[in-house]
Amino acid sequence: MNNKEFIAALSQREDFPMSDTRMLVQHLIAELTSQLEDENVVMISNFGSFEVKKRLERVVVNPGTGQRMLVPPRLALTFRASTTLRDNTRKGGDAV
Amino acid sequence: MNRRVNIAELADGIAKRATIPVSYAEKFVQSFFGVIGEALVREKLVKVKGLGTFKLVDVEARESVDVNTGERILLSAHSKVSFTPDAGLRDAINRPFADFETVLLNDGTPTELMEKETAAEVETTSAEAEASPAEATAAAVAAVAAQQLASPVEVEASTVETEPEPVVAEKEEVEAKPEEAEATPAEDMPAEEEPTESAPAEDVPAETEVEVAPVEQEPVEAEPEIIDVDEPLKTEPAEVAEPTTEAVADEAAAEVEATDDQTPETLAEINNNESENEIETSKTNSMNNIIKNILAALVCMFIGYAICYYFRPFELPTLSPATQTEKNEAPTDDEQANDAAATEQTEATAEPQAAKPAPQVKNDYPQIEGGEYMIVGVLANDTMKAGKMLTKMAIQYYGDKDLYTYICKMNNIENPDIVPLNMPLVIPKLEKKQ
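Chains as they are written, first to last, in my numbering: chain A, 786 to 881; chain B, 69 to 502.
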């Protein structure tokens with residue numbers, strides 16, 4: 786499901802016009818991003834939690850050339866599915 | 069910072085941004101993630117622009133071990149949710165660290181510890197701090213000293229190179245002699261590096277004098293007088309004054325020569341002053357060098373000791389017992405103890421490696437591999453009676469029914485569901501593994 790289909794499904798469910806839905810989605814993502822930039826944990830019940838985690842710098846080796854690179858530390862966004870979502874998807878995964 | 073934000077708080081922010089009622093915003097957030105969840109189950113992939121991609125990834129069935137009981141468990145195949153953030157969101161999150169880039173490491177860079185680099189930096193900064201009270205010349209001296217430490221062969225070469233030049237200077241002009249004579253004995257005293265440090269300073273006047281020499285060929289007769297006067301006096305005003313008298317007596321060429329003479333002399337004076345500064349700084353430097361040499365010697369001794377220590381055990385098995393005992397006499401007490409242990413090991417088993425597991429399994433009790441506990445002794449004796457269960461006994465003795473596996477292990481019960489009546493049971497004493 787791509788972005789367009791997602792907006793369509795959401796607008797149908799909310800009974801909003803597509804344009805309004807698109808705008809609201811943008812606002813939601815902007816708000817989510819600003820919360821995550823403050824390193825807050827965003828918990829969505831029945832879905833999961835978004836958390837920013839710090840990854841330490843590390844040395845990696847290119848197996849082809851043997852070159853060693855120092856990868857800098859970074860802040861990574863992680864998502865952890867809630868148990869309800871996990872159970873739902875597990876069922877879906879088993880069905881296939 | 070690190071606060072937990074729930075749907076209500078998120079909806080608050082959205083309501084402010086979009087100027088809609090909070091209740092709408094909250095409902096919208098819930099349906100937003102609801103649609104993602106449903107679509108994920110249905111289509112296994114949801115892309116949301118600006119947020120990222122949610123995907124269902126299949127996980128194959130695999131075997132694992134229960135950490136508590138050491139039992140083997142089969143984890144069934146399932147699918148899990150993976151989330152890959154959009155490039156824009158990822159960069160926005162990583163903005164504080166955006167300036168960092170992946171760096172290619174050179175071959176010489178030590179990877180295991182960054183502490184070493186910081187230590188080296190501290191050393192260099194301390195060296196700079198020592199140099200800072202003195203002037204730039206002192207810094208140059210320190211640099212020379214550092215180079216000398218790094219390569220003693222170069223130092224030898226430079227001394228060899230500088231040696232012939234003073235000889236040439238002596239031949240051409242004797243004036244250079246007193247300055248060198250003043251410089252070298254004073255500088256020889258504090259440390260070994262000094263001759264080379266003073267050498268470049270001496271080279272400068274020597275070379276200029278060599279250049280002057282062909283010009284001076286005509287008034288050679290006048291010069292010895294100056295030299296005779298210069299050597300006993302050695303005072304700065306006298307040196308400056310005499311060339312002027314010489315200039316009056318001789319021709320215009322002699323004037324040029326006199327000025328040429330002055331410049332090397334003043335240079336030499338400056339060099340003398342510098343060499344005094346060098347002596348002062350070199351005293352501190354020599355102290356540092358002595359300390360560094362001692363430290364280097366200690367490090368060498370330690371490394372040698374370590375090498376001996378590490379290589380010896382591998383040699384032991386090949387040696388005959390007689391030579392072993394001979395060797396045992398030489399090392400220190402610790403080594404003797406180790407050697408004694410090693411000889412015991414070699415007596416017990418042919419290979420020393422085989423002796424290593426022995427102390428770990430000093431108690432002869434069976435162990436569960438990968439279990440959280442270790443069987444270290446006998447806690448109690450019991451007998452299997454009707455209505456009793458291994459799990460109940462585990463709860464009775466350990467407070468955890470899962471630990472019945474240790475009772476099975478202790479009593480060689482293969483099937484925990486079938487235990488004969490009145491079977492004597494040994495309840496093992498458990499100790500948590502480190």
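Even glycine gets a Cβ: it sits at the ideal position worked out from N, Cα and C. It should be emphasised that the depicted structure is a prediction, and the values quoted were computed from it without experimental measurement.
8 Å Cβ shell around residue i - same chain, five flanking residues per side excluded
i                      : result
residue 446 of chain B : 494, 495, 496, 497
residue 488 of chain B : 452
residue 500 of chain B : 440, 441, 442
Rounded separation between residue i and residue j - CA only
i                      : j                      : result
residue 155 of chain B : residue 163 of chain B : 12 Å
residue 443 of chain B : residue 461 of chain B : 16 Å
residue 171 of chain B : residue 846 of chain A : 12 Å
residue 865 of chain A : residue 476 of chain B : 39 Å
residue 453 of chain B : residue 472 of chain B : 16 Å
residue 810 of chain A : residue 86 of chain B  : 10 Å
residue 800 of chain A : residue 92 of chain B  : 12 Å
residue 786 of chain A : residue 832 of chain A : 18 Å
residue 70 of chain B  : residue 827 of chain A : 10 Å
residue 83 of chain B  : residue 829 of chain A : 17 Å
residue 589 of chain B : residue 94 of chain B  : Nothing about residue 589 of chain B can be read from this structure; chain B reaches only from 69 to 502.
residue 802 of chain A : residue 89 of chain B  : 17 Å
residue 869 of chain A : residue 823 of chain A : 27 Å
residue 772 of chain A : residue 818 of chain A : Residue 772 of chain A lies beyond the stretch modelled for chain A, which goes from 786 to 881, so this question has no answer here.
residue 81 of chain B  : residue 502 of chain B : 49 Å
residue 481 of chain B : residue 127 of chain B : 34 Å
residue 459 of chain B : residue 145 of chain B : 29 Å
residue 794 of chain A : residue 168 of chain B : 40 Å
residue 363 of chain B : residue 375 of chain B : 18 Å
residue 133 of chain B : residue 140 of chain B : 4 Å
residue 849 of chain A : residue 843 of chain A : 18 Å
residue 371 of chain B : residue 436 of chain B : 41 Å
residue 420 of chain B : residue 432 of chain B : Note that residue 420 of chain B scores a pLDDT of 44, beneath 50, so its modelled location is shaky and nothing firm can be said.
residue 867 of chain A : residue 836 of chain A : 13 Å
Rounded Cβ spacing between residue i and residue j (contact assumed at less than 8 Å)
i                      : j                      : result
residue 157 of chain B : residue 118 of chain B : 7 Å
residue 173 of chain B : residue 855 of chain A : 6 Å
residue 143 of chain B : residue 166 of chain B : Wrong, their Cβ atoms sit about 39 Å apart, outside the cutoff.
residue 513 of chain B : residue 120 of chain B : Residue 513 of chain B falls outside the range modelled here, since chain B spans only 69 to 502, and no answer is possible.
residue 147 of chain B : residue 874 of chain A : 6 Å
residue 97 of chain B  : residue 813 of chain A : 6 Å
residue 463 of chain B : residue 469 of chain B : 5 Å
residue 862 of chain A : residue 153 of chain B : 5 Å
residue 858 of chain A : residue 839 of chain A : 7 Å
residue 73 of chain B  : residue 825 of chain A : 5 Å
Proximal residues to residue i (C-beta, below 6 Å), its chain only, five neighbours per side dropped
i                      : result
residue 490 of chain B : 451
residue 114 of chain B : 104, 107, 108, 122
residue 506 of chain B : In the structure as shown, chain B starts at 69 and stops at 502, and residue 506 of chain B therefore has no counterpart that could be examined.
residue 851 of chain A : none
Reduced DSSP secondary structure (H/G/I, E/B, other) of residue i
i                      : result
residue 120 of chain B : strand
residue 481 of chain B : coil
residue 170 of chain B : coil
residue 137 of chain B : coil
residue 787 of chain A : coil
residue 467 of chain B : coil
residue 866 of chain A : strand
residue 369 of chain B : helix
residue 87 of chain B  : coil
residue 451 of chain B : strand
residue 100 of chain B : helix
residue 441 of chain B : strand
residue 157 of chain B : helix
residue 76 of chain B  : helix
residue 502 of chain B : coil
residue 475 of chain B : helix
residue 488 of chain B : coil
residue 395 of chain B : Only weak support exists for where residue 395 of chain B lies, its pLDDT of 43 falling under 50; the coordinates are left without a value.
residue 496 of chain B : strand
residue 816 of chain A : helix
residue 142 of chain B : strand
residue 105 of chain B : helix
residue 796 of chain A : helix
Cut-off 7 Å between Cβ atoms - residues of its own chain near residue i, not counting five sequence neighbours on either side
i                      : result
residue 135 of chain B : 440
residue 479 of chain B : 493, 494
residue 788 of chain A : none
residue 137 of chain B : 439, 470, 471, 473
residue 466 of chain B : 498
residue 125 of chain B : 147, 148, 150
residue 484 of chain B : 458, 472, 476
Using a beta-carbon distance cut-off of less than 7 Å, what residues from the segment 107-127 of chain B approach chain A? 107, 108, 109, 111, 113, 114, 115, 116, 117, 118, 119, 124, 126
Any C-beta of chain B within less than 7 Å: which residues of the segment 837-859 of chain A qualify? 837, 844, 852, 853, 854, 855, 856, 857, 858, 859
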